[in-house]
Structure formats: C-alpha cells, structure tokens
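Protein chains: 2
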Amino acid sequence: MSDVAELAGVSTSTVSRALRNPDTVSAELRARVDAATASLGYVPNSMAGGLAASRTRTVGVIVPSLVNSFFSATIEAMAEVLNGHGYQILLGNSGYAIEREESLVSSFLSWSPAAIVLTGQAHSRTTLQSLLNADMPIVEMWELGDNPLDTLVGFSHRAVGRAAARHLLDTGRRRLAFVSAAPEYDRRATQRGAGFNEGVIEAGSTTPVCLTMAERASVEGGGRLMAELVSAHPDVDGVFFSNDVLLLGALFECQRRAIPVPRTLGLIGFGDLEFAAWSQPTLTSIRPPRREIGTAVAEHLLQRFHDSASAGTRIDLGFDLVVRGST
Amino acid sequence: MSDVAELAGVSTSTVSRALRNPDTVSAELRARVDAATASLGYVPNSMAGGLAASRTRTVGVIVPSLVNSFFSATIEAMAEVLNGHGYQILLGNSGYAIEREESLVSSFLSWSPAAIVLTGQAHSRTTLQSLLNADMPIVEMWELGDNPLDTLVGFSHRAVGRAAARHLLDTGRRRLAFVSAAPEYDRRATQRGAGFNEGVIEAGSTTPVCLTMAERASVEGGGRLMAELVSAHPDVDGVFFSNDVLLLGALFECQRRAIPVPRTLGLIGFGDLEFAAWSQPTLTSIRPPRREIGTAVAEHLLQRFHDSASAGTRIDLGFDLVVRGST
DNA sequence: AAGCGTCTTGCAAGCGTTTGCAACGCATCG
DNA sequence: CGATGCGTTGCAAACGCTTGCAAGACGCTT
Numbered sequence: 070m071s072d073v074a075e076l077a078g079v080s081t082s083t084v085s086r087a088l089r090n091p092d093t094v095s096a097e098l099r100a101r102v103d104a105a106t107a108s109l110g111y112v113p114n115s116m117a118g119g120l121a122a123s124r125t126r127t128v129g130v131i132v133p134s135l136v137n138s139f140f141s142a143t144i145e146a147m148a149e150v151l152n153g154h155g156y157q158i159l160l161g162n163s164g165y166a167i168e169r170e171e172s173l174v175s176s177f178l179s180w181s182p183a184a185i186v187l188t189g190q191a192h193s194r195t196t197l198q199s200l201l202n203a204d205m206p207i208v209e210m211w212e213l214g215d216n217p218l219d220t221l222v223g224f225s226h227r228a229v230g231r232a233a234a235r236h237l238l239d240t241g242r243r244r245l246a247f248v249s250a251a252p253e254y255d256r257r258a259t260q261r262g263a264g265f266n267e268g269v270i271e272a273g274s275t276t277p278v279c280l281t282m283a284e285r286a287s288v289e290g291g292g293r294l295m296a297e298l299v300s301a302h303p304d305v306d307g308v309f310f311s312n313d314v315l316l317l318g319a320l321f322e323c324q325r326r327a328i329p330v331p332r333t334l335g336l337i338g339f340g341d342l343e344f345a346a347w348s349q350p351t352l353t354s355i356r357p358p359r360r361e362i363g364t365a366v367a368e369h370l371l372q373r374f375h376d377s378a379s380a381g382t383r384i385d386l387g388f389d390l391v392v393r394g395s396t
Numbered sequence: 070m071s072d073v074a075e076l077a078g079v080s081t082s083t084v085s086r087a088l089r090n091p092d093t094v095s096a097e098l099r100a101r102v103d104a105a106t107a108s109l110g111y112v113p114n115s116m117a118g119g120l121a122a123s124r125t126r127t128v129g130v131i132v133p134s135l136v137n138s139f140f141s142a143t144i145e146a147m148a149e150v151l152n153g154h155g156y157q158i159l160l161g162n163s164g165y166a167i168e169r170e171e172s173l174v175s176s177f178l179s180w181s182p183a184a185i186v187l188t189g190q191a192h193s194r195t196t197l198q199s200l201l202n203a204d205m206p207i208v209e210m211w212e213l214g215d216n217p218l219d220t221l222v223g224f225s226h227r228a229v230g231r232a233a234a235r236h237l238l239d240t241g242r243r244r245l246a247f248v249s250a251a252p253e254y255d256r257r258a259t260q261r262g263a264g265f266n267e268g269v270i271e272a273g274s275t276t277p278v279c280l281t282m283a284e285r286a287s288v289e290g291g292g293r294l295m296a297e298l299v300s301a302h303p304d305v306d307g308v309f310f311s312n313d314v315l316l317l318g319a320l321f322e323c324q325r326r327a328i329p330v331p332r333t334l335g336l337i338g339f340g341d342l343e344f345a346a347w348s349q350p351t352l353t354s355i356r357p358p359r360r361e362i363g364t365a366v367a368e369h370l371l372q373r374f375h376d377s378a379s380a381g382t383r384i385d386l387g388f389d390l391v392v393r394g395s396t
C-alpha cells in the first residue's frame, strides 16, 4: 500500500480512503490512486484491513449439508450476489449437528465477519449466546418460525404440508400418507408433515399414515418405504413425500410392482428437483425458493451493511405447487 | 489474549506459543494456559494472528459448481478432515469461467491461505502467474494431466472412457455412441469422450457416434439427445453418457418409447449417482472417487503443512466400473 | 568451580491496514 | 477584512497477535 501511495504521490491514509470510501477523496487523487493501484496490481491485505477495522468483507454461512442440492443452490445464488459486491463467503457444513454448528460459529467469529447466516432456527445455547453478543446481522434461512435471532428468510413448511394435503384431496384421494426421512436430519420435513396432517384433518379426512425411515433421504429409502407402505396399507391412494429423492425411489418401486401412477396412487413430493419434470410419469412437486433464498439473504445483508435495512426483518418467499403427471 | 496471559500468570508470548506450538512450552505452563483459555472462553483473533504470521489456517478451494454433487461431495470430505485440524475452507465458485477463477484466486491470496485447491488444470495466464509466485501448496484436483502447477489429485478421464468402451464391446454391442453436455462446461467430459473413441477404435470397431448438447448436463437434455439418437442412428446399440444425469433422462425417454433396456440398447453412465442403483432398470455407471479426492487433498495438505510431504506429488485415485442392469 | 549447551520464557518490534484528530486551504458570510 | 465552516489530506496511534533475540535456569563436562 505504501508503494501505491508513493507512486500516486499521496499518503497511505488517502490510498486507504480512495479504496474504501471513494467519495471522501477528491476526484483527482482518486484517479491517481486508481491508476497506481492498477499499474502495481496491488491487492489489499485483507487481514491487515480486518484487524484495523475489526470487521471484514466476509459472510459466514452454515448449512447442514452441501450434497443436498437445496442448500447448494441457495449458496450459489448468495455467493453470486455477495461476490459481486466484494464479499467472500466463509462456508461451514454442520452435518445437521448442533454442536458442529456451535464450533463453526465460534471459529467464524474469530474472523470478524460482516454477518452470519445460519440454516434453520435450532441452535445450541452457546451459539445463541455468541450470536447475541456479536454485533452483526444474523440471518436464519429456510425456516420461518417464531423468536428469530434477527432476520428470517424462508417460507412456511407447514403451509407446504397443507398445500400438499389440499392437492391430494382435491384430486380425489381419500386415504393419505406422509413419507419422510429421519426427523433428526430435517426438522423442516417434520414441519411439512405436521402441516400435511393438519390439512388432512381440517378437511375432515382420516388421519394420514406416517412412515419414517432412520436415515437421510435416499432413492433407495424411498423405494423401501413405498414397498412397506403398499403392503401395510394397501388402501392408501395418495402419498406426500418430504423430499423428491424419496419420491423418485418410490416411483421406481411402483414401476417394479407395476402399480399405475397416478391412477391407483397419487404421488407428490417436495423440492421440484430437475428429474421431477422429466421422469415417466412426471412428478408433481412443491418447489421451494432455493435460489431466491440465497439472493434475498445476500440482498438483505448488502442493505444492512449500507444501513438501509432494519434488523428483525421477516421475508416470506413462498413456494409453488407444480402439478404434473403423478397426481 | 492478555487476559489469558494474566490469568495464567505468564506473558502473552507464552500463551501464543502454548496455543500454536504446545511442545515448545513446559507442561506446567501449558496446562495453566489451557485452563485459563477454557475458563475465559478465549478465541484467538484469526486476523491478528494471520497478520503477524503472514499466513492463516485457511485453505482456498475453487470449484466450477456447487450444485454438481461431484464437487459437493469432494468439498464435504475435504472440509471434514481440514476442519478437524483447525483449518477453515474459503470456498469459491467459478461457474466454469476461467476469469471468475482468476478473480477468486486473487481475492483468496489477500487472505494468505495456507494452500489453494483448484478444480482442473485449465487456468488463465494471470492465475498461473499469481499461483507460481505464491509460496504455498497448490493442488489441482479431478484431473490428472501433464504440467501440473504442483500437486495433482484425481484419476484419468481418458481411462474412464476406455473402460466404458471396453465394457460395451464386451457385452456384445457393436455400434456405439457417446453423449455429453456442452464441452465448455466440462473439459473432463471431453476427455472421457476421447478415451471412449480411442477404446472403440483400438478394438477395431466403427468410430462411435458423438452427440453433444449446448448446455450443462440435465435430465431433460439426456432425454432429448436420446430421442435424437434413436431417430438419427437407429443402428446404435450401446451408449456412453458423460454424466448419469443425462443417462437418467435417456432412461425415461426409453421408457416413454418402450425401448427395451438393456436388450435393444445398452446404456452406461458416469458418476454413479445414487439413483443409478435404484432405477428401473438399474444403471451401469463408472464411479469416480468423489469423496476420496477431498480426503486425499486434505491429507496431502496436512502433511505438506508439517513438511512431511513433497510438492509435485501425483495421486491417482482410480475409479470403479459398476455393472448393473442397463448393460 | 567455571564453562558450555539446552530448554524456557519474556521483551518488544513488527505485520499492513483503518481512522480519529488536527491542520490546511478555500469559499462564504456578516 | 476577519470569522466561520466545510471539504480534503496527512499524521500517528491503534488493531491483537507472532516471533527473533536475549536472558535466565539448569544440568553436564572438564
């Protein structure tokens, strides 16, 4: 930086200001500094900057899983916006474990990020503690419950469940079931299940069958649960899967057993993963605002950094029911 | 840190040493420092540390896409190992664009990472420049070509193509085809295609038909190319897909057209994505060492940090041909 | 007993920025 | 014409840690 200052014939403080707050520097000097910066290929040392300013152009983001394409899409979208404004993402993978999240938060905080983004609203005491003390925007995404830490960006999983119930009932199914992966791997799937139940019961129909497996959602598990379902509850005529991956496995199982879909069995999933639109038959699904969440989080944060948005905002991005061949 | 020092009754330099290089401090003081650290809940300021030491416990990783589950799995595995040893991952998403990679590398370098991990071996001049000057381990993964920047961790895509060719020929197919997404989105798919061609030609068979779409791999695209293939080349009896996602789309298309798989058409893919093992019929595929790459990169780096591994290593993790119902 | 090497420990000088404060120039105003 | 205020700029003090260097403690050797 001192090289740039020398070349531009100004002090290092002016260089710093020309780079961070261009409008506090006269046009002429700003141009000289820019030229010097470019010709020297100068890249500011982020750590020195961070140390001096005690905050960095960094956002810590914690997701439960990367292999899950929901969160990947959210992160991609978030990164696109944030990178475009000079912010880096510090990514953490909690593996659905609240303790991993805790240690990630603590190590993230040692980098003085400009903000922290978490997935969901379930956190450990210590995490809450640290976050409440940390004086920075906190965003919880993919969930829209009560008592937010600060800002919430997501949609109502309960409403998703209700929509699924309504759709199955509307298409004439009477005996419904909910199939999901292990609750500990997805609190939100449980919420969708609860909403589904509510929807069915409010409509005056019988309480749905509820089938759960012990692991994370998988094509294999979907097939297995489908097999279990048709043998244990042959009267079921409509199924809501907490995840399209399960639904795909179920579809293959139906193909194997030659169960006509949607004639005998109506199937609806969640996620609207790409294959849903192209399988045989195509799959009805509920599309969550995957990328939209990332974009909204990023844009909210950028506003917050510029002081033009307030803490405690609640952004409901909704969802779409995409009706296709399986119902 | 001065608080910890005071509580432990030592100087800050001793605290620093007790934390970074525990074996340079006597057992007693180390214990006192650890106790003080714990009781104060002290978390070192990474930036101050980084600034003073001019390197951080951070690894910059750049992948072309996150939504692609290959790289997600690699990153997850890498993060597990690295986090366990106190390293953070700084993640960048190049979107298959060499210029994005360039700017990511430059901003990563401003954080003085302990190492940089890139996907593939195609980089811009400037990137090469910066990386050659940067005095740190550089790893290129998912490719195993010539002129590595430093360390290479991956497998031979050419060999994958040959294996696919051999398998189709071994199962009696004579008229083969290669189907892939846009080459600009995946240099490596092109290498697999080249290997496939070589394999077919060496075996004395006719040059394979080659079909390419303009976008990234998608279920939809797979179906579309399949349709195109059967109408333009009805004599083809064996197809190698550069990606299981394409293969899934093709399978659905075959179901729609009632083309018997594997009887009339043998299909083999790449990726061994989860659905391959559970579709109807199940899909033959080539399994790349997704997670293994991440683990190997992380372990190599940890060794390098301890000076016990040498630069310029070349790690070939191989791949598996998983034979299933579609061939 | 003096000399020497090794192991520990503390001192203090950075590391490369940011930013509060003061100084300066210039225009406006009374 | 002096006073006042605003817009720019530079000075220098942090920011919280790491690490080279030197000093002290200790145990051996000669």
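Line order of the protein sequences matches chains A and B.
Counting in this note's numbering, the first sequence runs from 70 upward without gaps.
Counting in this note's numbering, the second sequence runs from 70 upward without gaps.
Note that the Cβ used here is the ideal one computed from N, Cα and C, for glycine as well.
Looking only at B/H375, B/G307, B/A96 and B/M116, the smallest Cα-Cα distance to B/H236 is reached by B/G307. Per DSSP, the beta bridge partners of B/E209 are B/L187 and B/L221. Residues of the region 156–169 of chain B that bring their beta carbon within less than 7 Å of a beta carbon in chain A comprise Q157, I158, L159, L160 and N162, in sequence order. In the three-state reduction of the DSSP assignment, A/V174 falls in the helix class, which pools H, G and I. B/L390 places its beta carbon less than 8 Å from that of B/A232. Proximity to B/V314 across B/L238, B/E289 and B/S179 peaks at B/E289, based on C-alpha coordinates. Residues are counted here when their Cβ sits less than 9 Å from a Cβ of chain A; for the region 169–188 of chain B these are R169, S172, L173, S175, S176, F177, L178, S179, W180 and S181, given in chain order.
Inclusion of B/A250 and B/R293 in the CB contact set at 8 Å is not warranted, their separation being larger than that value. Between B/V366 and B/V102 a beta carbon distance of about 33 Å is seen, past the 8 Å cut, so the two are scored as non-contacting.
For a cut-off of 8 Å, the C-beta gap from B/L213 to B/F224 is around 6 Å, short enough to register as a contact.
Within chain B, the C-beta atoms nearer than 8 Å to that of A/N114 come from L120, S179 and S181, in chain order. Membership of A/F344 in any beta strand (DSSP E) is not indicated, and neither H nor E is assigned to it by DSSP. Proximity of A/G394 to chain B, defined by a Cβ-Cβ separation below 8 Å, is not satisfied. Within chain A, the residues Q349 have their CB atoms less than 8 Å from the CB of B/R325, given in chain order. The C-beta separation of B/L317 from B/G291 comes to about 6 Å, placing the pair in contact by the 8 Å criterion. Per DSSP, the unbroken alpha helix (DSSP H) holding B/D313 starts and ends at D313 to R326. Under the Cβ criterion of 8 Å, A/F321 is counted among the residues facing chain B. Between the alpha carbons of B/D385 and A/I270 lies a distance of about 57 Å. Excluding five sequence positions before and after B/F388, the CB atoms of its chain that fall closer than 7 Å to its own CB belong to F224, V229, I355, R356, P357 and P358, given in chain order.
With a minimum length of 3 residues, the unbroken runs of beta strand (DSSP E) contained wholly in the region 244–309 of chain B fall at 245–249 and 278–281.
Non-local C-beta neighbours of A/H226 in its own chain, meaning closer than 6 Å and more than five positions away in sequence, comprise R257, Q260 and R261, ordered along the chain. Taking 8 Å as the threshold, the shortest C-beta distance from B/I337 to chain A does not fall below it. Counted as a single uninterrupted DSSP element, the stretch harbouring A/S71 is not any beta strand (DSSP E) but the alpha helix (DSSP H) occupying residues S71 to A77.
Of all C-beta pairs linking the region 113–130 of chain A to the region 177–193 of chain A, three or more are shorter than 8 Å, placing the two stretches in contact. When Cβ-Cβ separations below 8 Å define contact, B/E343 makes contact with chain A. Per DSSP, A/R356 is one residue of the beta strand (DSSP E) stretching across T353 to R356. A/E343 and A/S138 have their C-alpha atoms some 10 Å from each other. In terms of CA proximity to B/L159, B/I131 leads the group B/E171, B/D92, B/I131 and B/T196.
For A/G153, the enclosing alpha helix (DSSP H) has its first and last residue at S138 to G153.
Between A/V79 and A/N114, the alpha-carbon positions lie close to 19 Å from each other. With respect to the 8 Å criterion, A/I207 and A/A191 are not classified as neighbours on the basis of their beta carbons. Note that the C-beta distance between B/T382 and B/T220 is below 8 Å. Exclusion of the five residues before and after A/F247 leaves G262, F265, P277, C279 and F309 as the residues of its chain whose Cβ lies within less than 6 Å of its Cβ. Excluding residues up to 5 positions away in sequence, S141 and N162 lie with their Cβ nearer than 7 Å to the Cβ of B/L135 in the same chain. The beta-carbon of A/L135 is placed less than 8 Å from the nearest beta-carbon of chain B.
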